[in-house]
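Per the working numbering, the sequence shown starts with residue 2, numbered consecutively.
Where is the CB? At the ideal position from N, CA and C, for every residue including glycine.
Because the structure is a prediction, the values reported are computed rather than measured.
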Amino acid sequence: EAATSIQSGYDAYKKIALNIWDYAELGYKEYKSCELLQNTLKENGFTVEAGVAGMPTAFVATYGSGSPVIGILAEYDALPGISQDKSTIKTPIVNKNNGHACGHHLFGTGSVASGIVIKKLLESGKIKGTIKVFGCPAEEGGSGKVYMVRDGLFNNVDIVLHWHAWDKNLVTNTSALANKSAKFRFYGIASHASVSPEKGRSALDAVEAMNNMVNMMREHIPQETRIHYVITNGGKAPNVVPEFAEVYYYVRHPDKAMAVSVFDRIVKAAEGAALGTETKMDYEIIGGTHDLLINKTLAVNMQSNLEKVGGVTYTAQELEYAKKMQTSFSGKIPAVDNAGVITPLHIEKDQGSTDVGDVSYVVPTVGVLTATWVPGTSAHSWQAVACGGTDIGIKGMIVASKTLAFTAIDLFTNPALIKKAKEEFIQSKGDYQYKALLGDRKPALNYRD
């Protein structure tokens, strides 16, 4: 019944997802995307609390009462600088900068679809309990869920489900990298770069000195560490000594404590750069996320449900599209029909970071990846944006939505499953007391500015 209901809503959910794909709003600026999802939930009988945890584009939608309380996460932020139309050739959309290169337009819509079908089953009395859909902004670097965790929005939730766009179908059985990020700002003295350079103190020199020190530091940190940066402001004109410069850093590591330790060393590099260039420096923590706590009990259950649903089947036209898209890939290219394959439950190498990690440290959590992109597509690429605007993306979203719904039904109807998952959660967490890596700062609502 749940599968039939979701499938019958294909066109409606496709329209919602493609609207959000077209909006392509950045983190904490997802006003139209958030409103569309909230209104969809309201129209389907949910009570929606908007603007939660100090974030205008965050919400919690609730239906039902009593236990169990099952939560579903929804995301909807896009990425900057990666505009693309639906074609198989790199074609940025004119006068548009952002793009859904991580498929969050699908993520948000598919999760809402799952929530709605569970609501219908609750309403008919076939299952009992409470369903919550959490509208989570700014996953891409803004750490939106961290503020929701910090404000206790998950405290009374029994289990949380999530999913993500990907190029294949598999249940998440691998942790994520803990992540801490900040913008380092240097303040110098402006002067004519040719007439009186001795009177100036270059903030850009400080940024470059910091970057040089950090790059030399790479040899002396654990090899699993990942450090990335972009210079977001390096001055305005070559003939003016820059009085202000800014660099934006990410630090990642499988272990949250090590991520913090390496970040602290980067702060020292920034302090040294300021000292050596006679500039001043301050920094703003932008984000911080935990690694992902895996719950095997839930993963095994979700795997069985993913196998029931099955993968994505392409039409002849979609198959042609996929093969053309793969001509733009580099490296080893997987078979196109991998979109229909369900990957066995296994552990892969840690790669990315997600603020779902923080949720996983306060409530048992499980997620699935589905083939919303042509096999071989890299996340955060123009190809991902393109696929997400087609039925290839929508079909993968429907697979995810059904898998979440099936798993939720199992949780509502099998208290022993929840009990076992909670026991594993307590054992996995141990005596660790959750503490947000970004401290007590308020949401960085303008971090994309």
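Checklist entry - So does the stretch 233 to 242 actually touch the stretch 261 to 269, counting three or more Cβ pairs closer than 8 Å? => result The count of Cβ pairs closer than 8 Å, one atom from the stretch 233 to 242 and one from the stretch 261 to 269, stays below three, leaving the stretches out of contact.
Checklist entry - Any idea what DSSP makes of G153, helix, strand or coil? => result Note: G153 maps to coil in three-state DSSP.
Next on the checklist: For G288 and G104, which I take to be in contact (beta-carbon distance under 8 Å), what is that distance rounded to the nearest angstrom?
Outcome noted: Actually they are not in contact, since the Cβ atoms of G288 and G104 sit about 20 Å apart, beyond 8 Å.
Next on the checklist: Short of 8 Å in beta carbon distance, which residues of its chain neighbour K15, apart from the five on each side in sequence? Order them along the chain.
Outcome noted: D392, I395, listed in sequence order.
Next on the checklist: If contacts are defined as beta-carbon pairs under 8 Å, then W164 and G111 qualify, I think. What distance do you get, rounded to the angstrom?
Outcome noted: Confirmed, Cβ separation roughly 6 Å.
Checklist entry - What are the start and end residues of the alpha helix (DSSP H) that includes F413? => result Note, F413: alpha helix (DSSP H), 392 to 414.
Checklist entry - Cβ atoms of K181 and D356: under 8 Å apart, would you say? => result Taking 8 Å as the Cβ cut-off, D356 and K181 do not qualify as a contacting pair.
Checklist entry - What is the DSSP secondary structure of F245, reduced to helix, strand or coil? => result In the structure shown, F245 sits in a strand (DSSP, three-state: E or B).
Next on the checklist: Do T371 and N170 have their beta-carbon atoms positioned less than 8 Å apart in this structure?
Outcome noted: At the C-beta level, N170 and T371 come within 8 Å of one another.
Checklist entry - Which runs of the alpha helix (DSSP H) spanning at least 4 residues fall entirely within the stretch 16 to 64, listed in chain order? => result With a minimum length of 4 residues, the continuous alpha helix (DSSP H) runs that stay inside the stretch 16 to 64 are 32 to 44.
Next on the checklist: I'd like to know if the stretch 176 to 190 and the stretch 316 to 331 are in contact, where contact means that at least 3 CB-CB pairs between them fall below 8 Å.
Outcome noted: At 8 Å Cβ cutoff, the stretches do not touch.
Next on the checklist: In whole angstroms, give me the CA-to-CA distance for I222 and W167.
Outcome noted: Distance between the alpha carbons of I222 and W167: 30 Å.
Checklist entry - Y250 to F187, Cα distance in whole Å? => result The alpha-carbon separation between Y250 and F187 amounts to approximately 14 Å.
Next on the checklist: Tell me which residue opens and which closes the alpha helix (DSSP H) that H106 is part of.
Outcome noted: It spans 105 to 124 - the alpha helix (DSSP H) in which H106 sits, taken as one unbroken run.
Checklist entry - Roughly how far, in whole angstroms, is the beta-carbon of E244 from the beta-carbon of G189, given that I think they are within contact range, below 8 Å? => result Confirmed, about 5 Å.
Checklist entry - Thinking C-beta only, is F413 closer than 8 Å to P69? => result Remark: C-beta atoms of P69 and F413 approach each other more closely than 8 Å.
Checklist entry - Is it a yes or a no for the stretch 300 to 312 touching the stretch 363 to 382, going by three-plus beta-carbon pairs under 8 Å? => result Here the stretch 300 to 312 lies against the stretch 363 to 382, with 3 or more beta-carbon pairs under 8 Å apart.
Next on the checklist: I need the straight-line Cα distance from F330 to H381, nearest angstrom please.
Outcome noted: Answer to the nearest angstrom: the Cα atoms are 13 Å apart.
Next on the checklist: In whole angstroms, give me the CA-to-CA distance for N415 and S379.
Outcome noted: The straight-line gap from Cα to Cα measures roughly 37 Å.
Checklist entry - How long is the line joining the alpha carbons of W22 and Q39, rounded to whole angstroms? => result Taking the CA atoms as reference points, W22 sits about 16 Å from Q39.
Item to check | Beta-bridge pairing of V252 - partner residues as DSSP gives them | outcome: According to DSSP, which records beta bridges pairwise, V252 is partnered with K181, I228.
Next on the checklist: Is it buried or exposed, G136, if we count other Cβ atoms within 10 angstroms and call 16 or more buried?
Outcome noted: G136 comes out buried.
Checklist entry - DSSP on A133, reduced to helix/strand/coil? => result Inspection of the sequence shows that residue 133 is occupied by Lys rather than by Ala. K133 falls in the strand class under three-state DSSP.
Next on the checklist: Please report the distance separating the alpha-carbon of T173 from that of Y29.
Outcome noted: Roughly 26 Å between the two C-alpha positions.
Checklist entry - Just reading off the beta strand (DSSP E) that I160 is part of, what are its end residues? => result Taken as a continuous stretch (DSSP letters only), the beta strand (DSSP E) holding I160 covers 160 to 167.
Item to check | One or two residues paired with H193 in a DSSP bridge | outcome: Residue pairing by DSSP places H193 opposite V241 in a beta bridge.
Item to check | Proximity to S203 [Cα-Cα], best of G10, G143, L276 | outcome: Out of G10, G143, L276, L276 has the C-alpha closest to the C-alpha of S203.
Checklist entry - When the Cα atoms are used, what is the spatial distance from V375 to N296? => result The C-alpha of V375 lies about 28 Å from the C-alpha of N296.
Checklist entry - Is the beta carbon of K423 sitting closer than 8 Å to the one on Y362? => result No, the pair does not count as a contact, with Cβ atoms beyond the cut-off.
Checklist entry - Below 8 Å, can you find three or more Cβ-Cβ pairs linking the stretch 404 to 413 to the stretch 115 to 133? => result Yes, the stretch 404 to 413 is in contact with the stretch 115 to 133.
Item to check | T298, enclosing beta strand (DSSP E) - first and last residue | outcome: It is not in any beta strand (DSSP E) - T298 instead sits in the alpha helix (DSSP H) that spans 297 to 310.
Checklist entry - Which residues share a DSSP beta bridge with G72? => result In the DSSP assignment, the residues bridged to G72 are K133, V161.
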